[in-house]
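Undergrad: Counted the way UniProt numbering counts, the sequence shown spans residues 1 to 664.
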Amino acid sequence: MRILIKGGVWKNTEDEILKAAVMKYGKNQWARISSLLTRKSPKQCKARWYEWLDASIKKTEWSKEEDERLLHLAKLMPTQWRTIAPMVGRTAAQCLERYQKLLDEAEAKEGGELGPTGDDVRRLRPGEIDPDPETKPARPDPVDMDEDEKEMLSEARARLANTQGKKAKRKAREKQLEEARRLAALQKRRELKAAGIDVRHKRKKRGMDYNADIPFYKKAPAGFWDVNEEKEREDREKRGMTNVLLQKLEGKRRADVEEAERKKDAKRQKTKKESGEYVPPQVKRAAEQLQFSERKKLVLPAPQVSESELEEIVKIGAAGENAKAIVDTDSASASLLGDYSTSFRAPTPMRTPRTPAVGDTLKAQARNLRAMEFAQTPLLGGDIDLEGSLDFAGATPKPAALQTPNPMALQATPRDNTGQFGMTPRGARGAAVERTPFRDAMGINTPRSSEYGGFGETPRAERQRQSLIRQQLADHFKSLPKPKNDFEIVVPDGAKATDEEPQEAARVNGDEDAADIEARELTARQKEEEARLGPIATKCARTPHGPQKLEKKLNVVLGGYQSRAHKLRREIIEQWRVLEETVIEKKSFDMLKEMEDVGGPWRVERLKKELGVLENRERELQGTYKGLMEERERLRNRIKELKERKRTNGQVEHGDVQPMEVDA
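1. Between P280 and L362, what straight-line distance do the alpha-carbon atoms span, to the nearest angstrom?
2. Is the number of C-beta pairs between the segment 121-133 and the segment 79-90 that are closer than 8 Å three or more?
3. Helix, strand or coil for R139 per DSSP?
4. According to DSSP, which residues form a beta bridge with K11?
5. May I have the straight-line CA-CA distance separating K609 from E581, to the nearest angstrom?
6. Of the choices K6, I5, R577 and K40, whose alpha-carbon is the least far from that of L18?
7. What does a CB cutoff of less than 7 Å around A156 pick up in its chain, not counting 5 residues either side in sequence?
8. Would you kindly work out how many angstroms separate the C-alpha atoms of G26 and V283, rounded to a whole number?
9. Please report how far the alpha carbon of D209 lies from the alpha carbon of D132, in whole angstroms.
10. At which residues does the alpha helix (DSSP H) containing E179 begin and terminate?
11. Locate the alpha helix (DSSP H) running through S225, then write down its first and last residues.
12. Taking all protein chains shown into account, decide if M23 is buried (16 or more other Cβ within 10 angstroms of its Cβ) or exposed.
13. Which residue comes first and which comes last in the alpha helix (DSSP H) that contains R39?
14. What alpha helix (DSSP H) runs, 4 residues minimum, are completely inside the segment 47-118?
15. Could you spell out where the alpha helix (DSSP H) holding P133 opens and where it closes?
16. Taking DSSP as the reference, what is the three-state secondary structure of G600?
17. Determine the contact status of W10 and A138, defining contact as a CB-CB distance below 8 Å.
18. Please list the terminal residues of the continuous alpha helix (DSSP H) segment that includes K267.
19. Between which two residues does the alpha helix (DSSP H) containing E387 stretch?
20. So, using beta-carbon positions, are T135 and W49 closer together than 8 Å?
21. Can you tell me which of the three DSSP states A161 falls into?
22. So what does DSSP say about residue 667, is it helix, strand or coil?
23. Which residue comes first and which comes last in the alpha helix (DSSP H) that contains P28?
24. Can the beta-carbon of L70 be found closer than 8 Å to that of C95?
25. First and last residue of the alpha helix (DSSP H) that includes K363?
26. In terms of residues, what are the limits of the alpha helix (DSSP H) holding F477?
27. Roughly how far, in whole angstroms, is the beta-carbon of A85 from the beta-carbon of L369, given that I think they are within contact range, below 8 Å?
28. Assuming the contact rule is C-beta atoms closer than 8 Å, L102 and A375 should be a hit. Round their C-beta distance to whole Å, please.
29. Distance, Cα to Cα, S479 vs R463?
30. Count the other C-beta atoms from every protein chain shown that fall within 10 angstroms of the C-beta of I489, then say buried if there are 16 or more, exposed otherwise.
31. What's the call for R90, buried or exposed, on a 16-neighbour Cβ count within 10 Å?
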């Protein structure tokens with residue numbers, strides 16, 4: 001007995017049947033659709049449609065944005081491909097395949113040609129079964145199909161062609177059966193003819209055979225021109241078409257052409273290997289990748305300064321020149337204005353520096369993910385070599401915008417408040433572009449660095465900067481002249497009382513409002529509460545994790561007591577519920593007993609009365625029955641007497657009995 005296991009590689013015929021079935025039955029009746037495919041289950045049909053045949057599936061090349069989004073989502077949600085697929089716009093199988101390919105490329109770049117590639121590892125060996133055939137292209141149909149495949153195809157034609165109802169379906173089946181009978185008879189005649197038995201059964205057809213004869217045909221009369229040459233040409237063509245093979249008419253099959261090409265390639269590679277021109281597959285694959293890699297479009301950075309900002313800078317510079325021209329005559333006020341004309345002027349002409357090269361973030365993320373997958377557990381220790389930082393901020397990766405460096409900012413960074421400028425840039429850590437320098441020739445703004453050392457963005461550096469500012473401020477105060485302490489106090493005539501004086505006076509006189517009293521008491525209570533909780537709040541502020549640690553310690557110490565208390569609380573609640581139910585049942589039965597005590601005697605008395613009525617009724621009916629029985633016996637005796645008398649009279653009439661003589 002042949003056991004057929006459903007599944008396997010999808011063929012072109014099965015794909016076409018599945019498409020037609022989905023068009024007719026929709027995307028919900030997969031059991032009915034799978035009944036058309038003898039080798040596929042409903043689950044496999046549904047997976048094939050949603051993983052390969054659906055028109056909404058995107059099968060184009062992956063773009064860089066899609067690769068970046070795929071790697072970022074795989075980092076946020078590892079192995080959750082069903083969730084990642086709709087966000088990327090691909091199927092789950094496509095996302096998994098692309099992710100593995102990116103990791104393989106990163107591994108190949110690190111390991112080189114030391115071992116087999118990912119494609120070699122995942123390639124199926126002879127005898128292995130593809131675990132996911134629904135995501136692979138369909139296999140072309142063979143020339144000689146199996147009987148079950150032919151039957152499946154004919155059944156699908158009959159069922160899918162029916163759109164009119166049961167009658168059309170019956171007609172289609174009858175036509176199919178008729179065609180099957182005709183083919184069987186034809187095969188039988190061919191086999192008999194091959195065995196030497198020639199059976200010529202010519203059935204007479206009714207009417208005209210339109211395949212052999214032409215209706216209403218009249219032979220044209222001979223004309224003036226000779227057409228024998230054309231007839232001979234037609235006869236030659238007919239003779240040449242008699243013994244032509246079907247393969248010659250249809251041409252070569254695609255499988256045969258591909259097989260011939262494969263043989264040619266194998267022969268060509270063998271010749272190159274013998275002549276020393278053989279190229280390894282790894283080198284050839286790398287050359288093909290370079291050949292098919294598309295040229296990326298040019299991405300220019302956004303401008304740092306807009307047109308309006310440039311115009312504003314020009315206006316500010318012109319205003320500064322005008323102000324300086326006005327005060328040039330006064331030598332005392334000339335030192336109050338700084339000269340910035342030479343601060344942005346380079347000693348030699350220079351070109352705009354080139355935008356710094358940015359590494360391939362896509363490959364860097366792929367290498368990071370691969371390193372995270374093969375990382376050791378924290379118990380074994382060891383660090384993970386990551387390129388850059390891992391960004392878990394959002395569902396999409398942050399775009400890295402390039403910016404052209406500013407050469408004027410690099411040479412005009414202020415160093416301190418002495419008006420001197422350094423030639424080395426200084427900016428935020430890891431920043432690609434320096435800040436636009438601020439012009440501070442007079443030393444008005446607070447410097448962020450000094451000639452003796454710079455301050456970073458750490459809290460310790462900030463504290464050092466604040467202490468330096470306080471020290472400088474104290475030095476400036478020391479340089480001030482000493483005060484003379486010559487004061488003169490003048491008291492005004494009509495001095496107004498402060499806000500506390502009326503309240504104090506009102507409190508003394510006893511005219512204070514109740515709302516004021518409540519507000520004062522509330523303020524006093526708040527101050528007392530703050531004074532009481534002040535040390536605790538200060539300690540908590542100094543050690544923000546102290547309460548959490550204390551809570552953990554209490555949980556460790558009192559954990560058993562807490563669990564025991566929870567268990568006892570549940571038991572008490574359960575016993576209380578049982579007690580309440582028992583009390584309710586007792587009250588119900590007590591109420592039922594009271595009602596029975598009241599209603600029981602009344603029901604007994606009522607039943608006794610009904611019993612007396614029934615006894616009297618039975619006594620009356622028994623008397624009536626007795627009278628009727630006596631009447632029946634009397635009537636029976638009367639009937640017997642009448643029958644005896646009638647029989648006696650009949651005997652007298654027939655002479656059996658001598659009549660008695662009657663005296664005259």
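Idealized CB from N, CA, C, for every residue including glycine.
The model shown is predicted, which means the values in this text are computed figures rather than measured ones.
TA: Based on what the coordinates show:
1. Here the question's residue 280 lines up with position 280 in the sequence shown. Here the question's residue 362 lines up with position 362 in the sequence shown. Those two C-alpha atoms are separated by around 27 Å.
2. The segment 79-90 and the segment 121-133 do not touch, with fewer than three beta-carbon pairs separated by less than 8 Å.
3. The count along the sequence shown starts at 1 and reaches residue 139 at position 139. If DSSP states are grouped into helix, strand and coil, R139 belongs with the strands.
4. Your numbering for residue 11 matches position 11 in the sequence shown. Partner(s): R139.
5. Reading the sequence shown from its first residue, position 609 is the one you call residue 609. Reading the sequence shown from its first residue, position 581 is the one you call residue 581. K609 and E581: Cα-Cα distance of roughly 41 Å.
6. Numbered from 1 along the sequence shown, position 18 holds the residue referred to as residue 18. Comparing Cα positions, the closest option is K40.
7. Here residue 156 is taken as the residue at index 156 of the sequence shown, counted from 1. Closer than 7 Å at the Cβ level, and outside the excluded window around A156, lie I17 and L36.
8. Against the sequence shown, residue 26 aligns to sequence position 26. Against the sequence shown, residue 283 aligns to sequence position 283. Whole-angstrom Cα-Cα distance: 49 Å.
9. By one-based count along the sequence shown, residue 209 stands at place 209. By one-based count along the sequence shown, residue 132 stands at place 132. The straight-line gap from Cα to Cα measures roughly 55 Å.
10. Within the sequence shown, numbered from 1, the residue matching residue 179 stands at position 179. Element bounds for E179: K166 to A194.
11. Taking the sequence shown and counting its residues from 1, one reaches residue 225 at position 225. Checking the displayed sequence, the identity of residue 225 turns out to be Trp instead of Ser. Run containing W225: none; DSSP gives neither H nor E here.
12. Translated into the one-based positions of the sequence shown, residue 23 becomes position 23. Its Cβ having fewer than 16 others within 10 Å, M23 is exposed.
13. Position 39 of the sequence shown, counting from 1, holds the residue named residue 39. For R39, no alpha helix (DSSP H) segment is defined, and its DSSP state is neither H nor E.
14. Taking only runs of at least 4 residues, the alpha helix (DSSP H) segments lying wholly in the segment 47-118 are 64-76, 81-88 and 92-111.
15. Against the sequence shown, residue 133 aligns to sequence position 133. It is not in any alpha helix (DSSP H) - P133 carries neither H nor E in the DSSP assignment.
16. Residue numbering aside, residue 600 sits at position 600 when the sequence shown is read from its first letter. DSSP places G600 within a helical segment (H, G or I) once states are collapsed to three.
17. Mapped onto the sequence shown, residue 10 falls at position 10. Mapped onto the sequence shown, residue 138 falls at position 138. Yes. Within cutoff.
18. What you label residue 267 is simply residue 267 of the sequence shown in a count that begins at 1. Its alpha helix (DSSP H) spans residues R254 to S275.
19. Your numbering for residue 387 matches position 387 in the sequence shown. Unbroken run through E387: none, as it is neither H nor E.
20. Start at 1 with the first residue of the sequence shown, and residue 135 comes out as number 135. Start at 1 with the first residue of the sequence shown, and residue 49 comes out as number 49. T135 places its beta carbon 8 Å or farther from that of W49.
21. Position 161 of the sequence shown holds residue 161. Note: A161 maps to coil in three-state DSSP.
22. Past the boundaries of the shown model lies residue 667; the chain is included only from 1 to 664, so the question cannot be answered.
23. The residue labelled residue 28 in the question sits at position 28 within the sequence shown. Rather than Pro, the amino acid found at residue 28 in this sequence is Asn. Where N28 is concerned, there is no enclosing alpha helix (DSSP H), given that its DSSP letter is neither H nor E.
24. Counting from 1 along the sequence shown, the entry for residue 70 is found at position 70. Counting from 1 along the sequence shown, the entry for residue 95 is found at position 95. Cβ distance < 8 Å, so L70 and C95 count as in contact.
25. The count along the sequence shown starts at 1 and reaches residue 363 at position 363. If you look at K363, you'll find it in the alpha helix (DSSP H) that goes T361 to E373.
26. For the purposes of this step, residue 477 is taken as residue 477 along the sequence shown, with counting starting at 1. Run containing F477: P459 to K478, per the alpha helix (DSSP H) assignment.
27. The residue labelled residue 85 in the question sits at position 85 within the sequence shown. The residue labelled residue 369 in the question sits at position 369 within the sequence shown. Rounded to whole angstroms, the Cβ separation of A85 and L369 is 18 Å, and the two are not in contact under 8 Å.
28. To locate residue 102, count along the sequence shown from 1; it is residue 102. To locate residue 375, count along the sequence shown from 1; it is residue 375. Not confirmed; about 18 Å, so no contact.
29. For the purposes of this step, residue 479 is identified with residue 479 of the sequence shown, where counting begins at 1. For the purposes of this step, residue 463 is identified with residue 463 of the sequence shown, where counting begins at 1. Taking the straight line joining both Cα atoms gives about 25 Å.
30. By one-based count along the sequence shown, residue 489 stands at place 489. Burial state of I489 is exposed, judged by a 10 Å Cβ sphere holding fewer than 16 other Cβ atoms.
31. For the purposes of this step, residue 90 is taken as the residue at position 90 of the sequence shown. Only buried fits R90, as 16 or more other CB atoms lie within 10 angstroms of its CB.
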